[in-house]
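Number of protein chains: 2
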Amino acid sequence: MSAKHEHIPKITIARLSIYLQVLEQMQREGVEVVSSGPLAKACRANASQIRKDLTYFGEFGVRGVGYNVCELIRAVSRSLGIDREWNCVLIGAGNLGKALIGHREFERRGFRIIGAFDCDPFKIGEEFAGLEVVCTRHLKERIQDKNVRIGVITTPPEHAQRVADYLVGAGIKGILNYAPMRIVVPADVTVEYVDIFHHLYSLAFALAPHKS
Amino acid sequence: MSAKHEHIPKITIARLSIYLQVLEQMQREGVEVVSSGPLAKACRANASQIRKDLTYFGEFGVRGVGYNVCELIRAVSRSLGIDREWNCVLIGAGNLGKALIGHREFERRGFRIIGAFDCDPFKIGEEFAGLEVVCTRHLKERIQDKNVRIGVITTPPEHAQRVADYLVGAGIKGILNYAPMRIVVPADVTVEYVDIFHHLYSLAFALAPHKS
Chain A
1265 MSAKHEHIPK
1275 ITIARLSIYL
1285 QVLEQMQREG
1295 VEVVSSGPLA
1305 KACRANASQI
1315 RKDLTYFGEF
1325 GVRGVGYNVC
1335 ELIRAVSRSL
1345 GIDREWNCVL
1355 IGAGNLGKAL
1365 IGHREFERRG
1375 FRIIGAFDCD
1385 PFKIGEEFAG
1395 LEVVCTRHLK
1405 ERIQDKNVRI
1415 GVITTPPEHA
1425 QRVADYLVGA
1435 GIKGILNYAP
1445 MRIVVPADVT
1455 VEYVDIFHHL
1465 YSLAFALAPH
1475 KS
Chain B
1265 MSAKHEHIPK
1275 ITIARLSIYL
1285 QVLEQMQREG
1295 VEVVSSGPLA
1305 KACRANASQI
1315 RKDLTYFGEF
1325 GVRGVGYNVC
1335 ELIRAVSRSL
1345 GIDREWNCVL
1355 IGAGNLGKAL
1365 IGHREFERRG
1375 FRIIGAFDCD
1385 PFKIGEEFAG
1395 LEVVCTRHLK
1405 ERIQDKNVRI
1415 GVITTPPEHA
1425 QRVADYLVGA
1435 GIKGILNYAP
1445 MRIVVPADVT
1455 VEYVDIFHHL
1465 YSLAFALAPH
1475 KS
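In order, the protein sequences belong to chains A and B. Everything in the first sequence is counted per this note's numbering, starting at 1265 for the first residue and increasing by one. Everything in the second sequence is counted per this note's numbering, starting at 1265 for the first residue and increasing by one.
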C-alpha cells in the first residue's frame, strides 16, 4: 500500500472506530447507502471531516449518491488491519480481566484471547470462558509458536511494569494497558493505554459548577 | 472561576488525566518537585505542551525550580472537579458491570457507585460488593434525593438507548457509555463513550503489515 496509508494520523484512527461503530449499526438496520451528511450526524461529527478522514482509504464515495455501507465497512476494516484474527493474551485475572475474557465483542471483532495469566497462586488454575489461568512465569513458553501479537495488562498498577517486561521478553510488540500506570518498553513495542478515568474526569468537569 | 477555565479544550482534559496519573505515581515515589522536562518525559509528552496545558489552572510552576507535585495534583483535581465525591449508578450487571462495581479505583477517585440496575430477572436481587441489583424500572424512585450525577451504561448495545432514556428521565446529566452504540440524549446531557476497541484498532493498525 501507499506511503499515504502509513501516515494516517492517530486522531483519524480514533475517529474511524466511531465511524465503524455507526456504520455497523446502520448495516444492522438495513441501510445500504449513506451520504456524508447523515453519517456525520450519526457520528456527531463534521461531514467535511469525515470525507477527509475517509480519503485515506481510497475513493469510496460516489458524488451525489454516498457511500456503500458494506464496502465502506470492509475497506475501513482492511485498512485498520482488523479484517484478520489477532491472537491476544491477558495478564491479570481479576474482575476486569475476567470481564474481558468473557466479553463477546472481543472475539467477534477478531481479537482472540488465547491465554490468561496471573501471578497470584489463588488464581492460577482457575478457569474462565474455557481458559485456564497460568502462572505468568510460563508466559514465554506457553505462547511460543502461537503467533500472539497483543498482550492485555489488567493487573493492579504496581505490577504493570513487571508484566510488560514479561510480554516484551516473550516477543510481543503490542500492549493494551488497562493498569493506571505508565510503562517503559523498547521503541519497537506499541502501548495503548485504556484510561477509564479520563472519561469520568471529562464528565466531572462538564458537570462541576465552575462559577462558584 | 474565570471564563478561561470554562474553555479548557477537551484534548487538554484528556491529557490532564495522564499528567495526574504520572504525578500520583511520582508522589508515591516521594518526588516533591518536578520540572516540566522530566514530567514531560514520564508522560511521553512535550514539555512546552505540558506548560501550556497547565497554565489553564493558574500559575504553579516556579521558573528554574519546577512544580510542587502535591500542589499540582490538588490544583488539577480541583479544576477537573474531582476533589469531591460523585455519586454514580450503573446499569447492566453483566461481567463488565460487576468488574466496575468491584473496581477499587472508582471509589478511591471519588466516583461512588451507589446503585446497580439491570432488567434481567435472573440478575435482579443478586449482590455485588454490597450492592443489590435492582430492576431498571425502579431507577428514578431509587435514586431520588441521592444526588446521583453520573450514570454508567454497561449493557449490551441493543439496550443502551432505552437505558439512556431511563437515566435522562431520572434527571441524570452525565452518562458514561461502555456499550458499543451511539445514543441520543437531550443537549444538556453529556455523554462520554468508552470505546475499548479503538485502542485495539490502533494496535492492530500499528502491527499490521501495510507494505504487502
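By construction, the Cβ of each residue, glycine as well, lies at the ideal position given by its N, Cα and C atoms.
Under the Cβ distance rule, residue 1357/A does not count among the residues neighbouring chain B, no pair being separated by less than 9 Å. By the rule that beta-carbons nearer than 9 Å mark a contact, residue 1419/A does not touch chain B. Residue state for residue 1378/B is assigned as strand, using DSSP reduced to three classes. Counting the other CB atoms within 10 Å of its CB gives residue 1321/B a total of 16 or more, which places it among the buried residues.
Cα atoms of residue 1411/B and residue 1434/B: separation of roughly 11 Å, rounded to the nearest angstrom. For residue 1430/A, DSSP assigns no beta-bridge partner whatsoever.
Selection 1313/B, 1361/B, 1294/B evaluated against residue 1301/B yields 1313/B as nearest (Cα-Cα). In the DSSP assignment, residue 1399/B falls within the unbroken beta strand (DSSP E) covering 1395-1399. Burial check for residue 1271/B: the Cβ neighbour count within 10 Å stays below 16, so the residue is exposed.
When the Cα atoms are used, residue 1455/A and residue 1274/A turn out to be separated by approximately 13 Å. Counting along the chain, the unbroken alpha helix (DSSP H) around residue 1335/A starts and ends at 1333-1344. Look at residue 1331/A: its C-beta is not under 9 Å from any C-beta on chain B. Contact check for residue 1280/B and residue 1317/B: beta-carbon distance about 7 Å, within the 8 Å limit, so the pair qualifies.
In this structure, DSSP gives residue 1448/B a state outside helix and strand, which the three-state scheme calls coil. Here residue 1310/A is exposed, its C-beta having fewer than 16 other C-beta atoms within 10 Å. Bridge pairing for residue 1454/B: 1438/B [DSSP].
In terms of beta-carbon proximity, residue 1362/A lines the interface with chain B, with at least one pair separated by less than 9 Å.
CA-to-CA, the gap between residue 1385/A and residue 1399/A works out to about 8 Å. Boundaries of the beta strand (DSSP E) around residue 1413/B: 1412-1417.
By the rule that beta-carbons nearer than 9 Å mark a contact, residue 1320/B does not touch chain A.
Annotated as proximal: residue 1287/B and residue 1340/B, with beta-carbon spacing under 9 Å. Around the beta carbon of residue 1294/B, a 10 Å sphere encloses fewer than 16 other beta carbons of the protein chains shown; the residue is thus reported as exposed.
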